[in-house]
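Just so you know, we're using our numbering here: the sequence shown kicks off at -13 and counts up by one. Where is the CB? At the ideal position from N, CA and C, for every residue including glycine.
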Amino acid sequence: MNEFLAAAPLWLPGVTTMACLILASAFFSGSETALFYLSRDEVQALHRGGARERLVAGLLADSDRLLTAILFWNLLINLTYFAVSVVTARHLISRDYSTVAGALSVLSVAAIIVFGEVIPKATAVTFRRSIAVIVSIPLAMAVRLVDPFLPLLVGSARTIRRILWPNLKQEPFLDVGDLERAIETSNLGADLIRHERQALQNIIELSDITCEEVMRPRGTYTVWPPPVHLADIRGRLLQTDRLYIGSADQDDISASVALDAFNAFPDLDLQASATPVVHVPWCATLSGALEQMQERGAGVAVVINEYGETIGVVNDEDIVDTMLSPQPSRARRVLRREPVLEVAPGLFHVDGITTLRYLAHRLQLPDEPAPDGVLTVAGLLHETLERLPAVGDEFSWQGWVVRVIDAESRGAVRVMFSREQTPDPQPEVEADNARLD
């Protein structure tokens, strides 16, 4: 003990420095665990919180950048810590305090493990949301300091990965065949098995259905210019669950607010509670759009055409309806009513926004891709007539007579489908028999 006290002037500065480095290591280790242990629902709730909570959600929006910065600082701190430990031990050894140097080396390793990793991570798991909010500002500053070096770090990591694992592919968590076998071997009732099979089929079709087929077309929703306050929208939102906020410099959607997620609307700028959006091309599959939305924590995918113009939006509610509904319908979600009405046996009134996939299901027609990529009844009218439809236009399609019964100036159309009358061969047979007689 006397030897430790006698050597205090030698090891005290180094131990003090290492204690500060342990606190810094604990900060980054706990921050990493707290932020990345947050669930998706917790992150969505942070988007609607205060300034610090929204800052946490903003950091998690670019998780690769956040993780790279945390690992960079943690590595730098740990290297500095052990460098100080080695220098302090060498000073002690040079003054014939070998025992103190050995004890200090062992204790320094134990201290960085226990107080720099184990305790901070265990605490962060339990109080992850509170800790994430507390560390948000200093962590954001630390990430900003690393930004100039991030391209170099990311490029180096990508180069090493391509050199060492050029053909590395991510293994799927669950194959479609596994789901099918699970349903077949489950002891469920016939009705439940039928619903399970339908849901499974809908999930599989996500990789075939394009965003253009599911999206809410432009004109069926309102884009609000920023800033948007509660007083601006009071009494003007009708039958909508989401608020779309445009960009300040162009006619585009930059964020969205899920209105049904609020227990009470905040009086401040609603844009502060908005979540980001992702942009996908019209030909992107629904599964690809869903993957991007999950990665970015977005609730909306903005669909653009080949010219970069916004042509519609896809909400997470639209994707859930497509997966779980026995008869998913884009038109029913937009119109909030049934788009295909049977007004008489074999006679249907159909809205132009209805997809041909849903119409084929209602009319019991084979679900085959339409020529030239036509997706909706309105598109079928334009493709067949080669002009804007007018009331009274009529043509035949797959055994049905299609007649336009309503054509508004803004482009909304409504048509009537009736079965084609097949000619009765009996009169011709009787006429032939009469001539033979």
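First and last residue of the uninterrupted alpha helix (DSSP H) at residue i
i: residue 316; result: 316 to 321
i: residue 301; result: From DSSP, residue 301 is part of no alpha helix (DSSP H) but of the beta strand (DSSP E) over 296 to 301.
i: residue 143; result: 136 to 150
i: residue 368; result: 363 to 371
i: residue 215; result: Residue 215 -> no alpha helix (DSSP H), and no H or E assigned at all.
i: residue 20; result: -6 to 22
i: residue 119; result: 114 to 120
Given residue i as reference, the closest of the options once Cα atoms are compared
i: residue 8; options: 93, 245, 286 and 293; result: 93
i: residue 292; options: 88, 148 and 270; result: 270
i: residue -7; options: 107, 22, 55 and 80; result: 80
i: residue 312; options: -4, 126 and 181; result: 181
i: residue 35; options: 71, 118 and 61; result: 118
i: residue 399; options: 366, 382, 405 and 385; result: 366
i: residue 373; options: -3, 393, 308 and 285; result: 393
i: residue 125; options: 363, 11 and 380; result: 11
i: residue 296; options: 190, 233 and 14; result: 233
i: residue 318; options: 337, 333, 329 and 45; result: 337
i: residue 405; options: 391, 390 and 386; result: 386
i: residue 308; options: 104, 187 and 260; result: 187
i: residue 185; options: 375, 310 and 324; result: 310
i: residue -4; options: 54, 44 and 72; result: 72
Presumed contact (8 Å Cβ cut-off) between residue i and residue j, rounded CB distance
i: residue 192; j: residue 273; result: 4 Å
i: residue 256; j: residue 216; result: 7 Å
i: residue 282; j: residue 262; result: 6 Å
i: residue 197; j: residue 264; result: With 8 Å as the limit, residue 197 and residue 264 do not qualify as a contact, their Cβ atoms being about 11 Å apart.
i: residue 299; j: residue 288; result: 6 Å
i: residue 106; j: residue 16; result: 4 Å
i: residue 20; j: residue 128; result: About 14 Å; that fails the 8 Å criterion.
i: residue 24; j: residue 115; result: 7 Å
i: residue 303; j: residue 227; result: 7 Å
i: residue 87; j: residue 78; result: 4 Å
Identified DSSP bridge partners for residue i
i: residue 335; result: 327 and 402
i: residue 230; result: 209 and 242
i: residue 133; result: In DSSP, residue 133 forms no bridge with anything.
i: residue 389; result: 380 and 402
i: residue 203; result: 298
i: residue 267; result: 290
i: residue 262; result: 241
i: residue 341; result: 362
i: residue 196; result: 271
Extent of the continuous beta strand (DSSP E) to which residue i belongs
i: residue 380; result: 380 to 383
Residue i at chain C interface by Cβ criterion, 7 Å
i: residue 196; result: No chain C appears in this structure, which consists of one protein chain only.
- Whole alpha helix (DSSP H) elements within the stretch 27 to 112, 4-residue minimum: 37 to 47, 49 to 80, 84 to 99 and 105 to 112
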